[in-house]
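Under my numbering, the residue at position 205 of the sequence shown is numbered 193, and the numbers go up by one with no gaps.
Shown next, in structure tokens, is the structure this report addresses.
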Amino acid sequence: MTDTHAPRADAYPGEALIDHGAIARNLRVLRAAAPAAKQMAVVKANAYGHGLLPVALTALASGSDWLGVAQLPEAVELREGLDRAGVDRASAPVLAWITTPGSDFAGAVRAGIDLSVSWTWVLDAISAAARAVGRPARVHVKIDTGMSRAGSTLADLPALASALAAAQADGLVEVVGAWSHLSRGDDPSEGGLASTASHVGIFERGLRVLGEAGVRPAIRHLAATAGILWHPETHYDMVRAGIGLYGLSPDPAVADSRELGLRPAMTLRAPLTSVKVIERGAPVSYGGTWRAPTRRWAGLVPLGYGDGILRSASNAAPVVVRGPGGDVPARCAGRVCMDQFVIDLGPAGGAAGTPGSRSG
């Protein structure tokens, strides 16, 4: 299935074509790399721009066991969409890992959203919400294993573990999981491997601290895509399929998508608005960072960094033009502007297309 996300065709020139067959295939590849672990499909940030609910439904249909997002409001949006689609809540747990003071914890508990707990203030807020709603909240305790980001440090974990045990005994929370994140899982250097080993060691120590307090989560998860592919010792009970779900490598310098058996799921497409001849030496775009090496054809694509085209694509990104004679390879020439960029069609590029030909 291919899903197209775009406003009305006459209102916006670009469209993102999402290949759900590729998403399903990528999930199978990642499951084969961690066959004994449950799989969480990470669909945060509108499924990395691929469409929150459609990707979530594809992931569940492809065998993913959990869904994960960063922001709590997106988790609630996802749960509401799954409910409308008739997906049983027990078969599709949703974890949200970012909350702030004032977050709607009661709404999260009512929606059956699993919540991450790094600090006692979060646990206190969740416990109060659970008491008000009249049902226990499902939580995953986050351990800081070396990113110095979210998560309880080993120094703070005993107090948090005791508070979790008390809240669990009072029927306010169910500690479903314990988790963390690798900071250098995509780094095969000696330092990167040492970092990952350190993360695993700290995670194990954290699990022991929790166990000593009587908190024994059934779901331990540490690996994202890099861990899935390159660190089987990090698989534990569940793995989180993020960037790999969408067909991209955690680090193309280590192994690109093709080498990993992954297929990018998104194609960005737009019509050319101009095709014209430029003379040898003609500067292109801001700063004149690219000059025509010969007399040649240039095409204009009506998308730019305001639409998510990276500035780093300047003078580099490959583009395919679908013209009347078939697909023609091209490349970004000059800097990417906010709402358009130029492509080099080469000396014979006039045959590649005319305004209206599709680039992607």
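C-beta: ideal position from N, C-alpha, C; glycine also.
For clarity, every value in this text was computed on a predicted model and none was experimentally measured.
Helix, strand or coil at residue i [DSSP, three-state]
i	result
Glu192	helix
Ala383	Nothing can be reported for residue 383, as the shown portion of the chain is limited to -11 through 348.
Trp167	strand
His223	coil
Ser140	strand
His38	coil
Pro(-5)	Residue confidence for Pro(-5) is low, a pLDDT of 49 falling below 50, so the modelled location carries little weight; the figure read from the coordinates is stated next. Reduced to three states, the DSSP call for Pro(-5) is coil.
Trp109	helix
Leu350	Because the chain in this structure spans residues -11 to 348, residue 350 falls outside the shown range and cannot be described.
Val242	coil
Ile6	strand
Pro335	coil
Thr255	strand
Ser186	helix
Glu178	helix
Ser91	coil
Ala286	strand
Leu298	coil
Val203	coil
Leu103	strand
Phe329	strand
Val64	helix
Glu247	helix
Gly356	Residue coverage of the chain in this structure runs from -11 to 348, which leaves residue 356 outside it and unanswerable.
Ala125	strand
Cβ-Cβ separation, residue j to residue i (assumed contact under 8 Å), whole Å
i	j	result
Cys320	Ala336	About 19 Å separates the two Cβ atoms, so there is no contact after all.
Ser302	Gly322	7 Å
Ala63	Ile101	5 Å
Val316	Val309	5 Å
Met326	Gly294	4 Å
Straight-line Cα distance separating residue j from residue i
i	j	result
Pro416	Pro238	The displayed coordinates of the chain run from -11 to 348. Any statement about residue 416 would go beyond what the structure contains.
Arg67	Leu233	20 Å
Gly180	Arg172	5 Å
Leu248	His38	21 Å
Leu45	Val30	12 Å
Gly334	Thr255	23 Å
Ser183	Pro176	10 Å
Asp158	Leu111	13 Å
Val242	Asp174	8 Å
Val163	Val203	7 Å
Arg144	Ala116	Note that residue 144 corresponds to Asp in the displayed sequence, not to Arg. Going from the Cα of Asp144 to the Cα of Ala116 covers about 21 Å.
Pro(-5)	Glu3	Residue confidence for Pro(-5) is low, a pLDDT of 49 falling below 50, so the modelled location carries little weight; the figure read from the coordinates is stated next. Their Cα atoms are separated by approximately 8 Å.
Ile86	Ser104	7 Å
Ala226	Ala318	Checking the sequence, you will find Met at residue 226 rather than Ala. So the two alpha carbons sit approximately 42 Å from each other.
Arg228	Leu148	24 Å
Phe329	Ala211	37 Å
Gly165	Ala20	23 Å
Pro61	Ser79	21 Å
Arg299	Glu178	32 Å
Ile6	Ala253	6 Å
Val197	Gly122	29 Å
Asn34	Gln59	11 Å
Arg268	Asp332	12 Å
Pro89	Val43	30 Å
Arg126	Arg257	42 Å
Val17	Arg251	10 Å
Pro205	Tyr0	48 Å
Test: residue i CB closer than 8 Å to a CB of chain B
i	result
Ser79	The chain labelled as chain B is not found in the depicted structure, where only one protein chain is given.
- prompt: If we count Cβ pairs, one from each stretch, closer than 8 Å, do we get three or more for the region 276 to 287 versus the region 215 to 226?
  reply: No: the two stretches stay apart, fewer than three of their Cβ pairs being nearer than 8 Å.
query: For the region 55 to 66 against the region 18 to 25, are there 3 or more C-beta pairs whose distance is under 8 Å?
result: The count of Cβ pairs closer than 8 Å, one atom from the region 55 to 66 and one from the region 18 to 25, stays below three, leaving the stretches out of contact.
message: With a threshold of 8 Å, are at least 3 pairs of Cβ atoms found where one atom belongs to the region 186 to 195 and the other to the region 118 to 133?
response: Yes, since at least three Cβ pairs between the region 186 to 195 and the region 118 to 133 fall closer than 8 Å, the two stretches touch.
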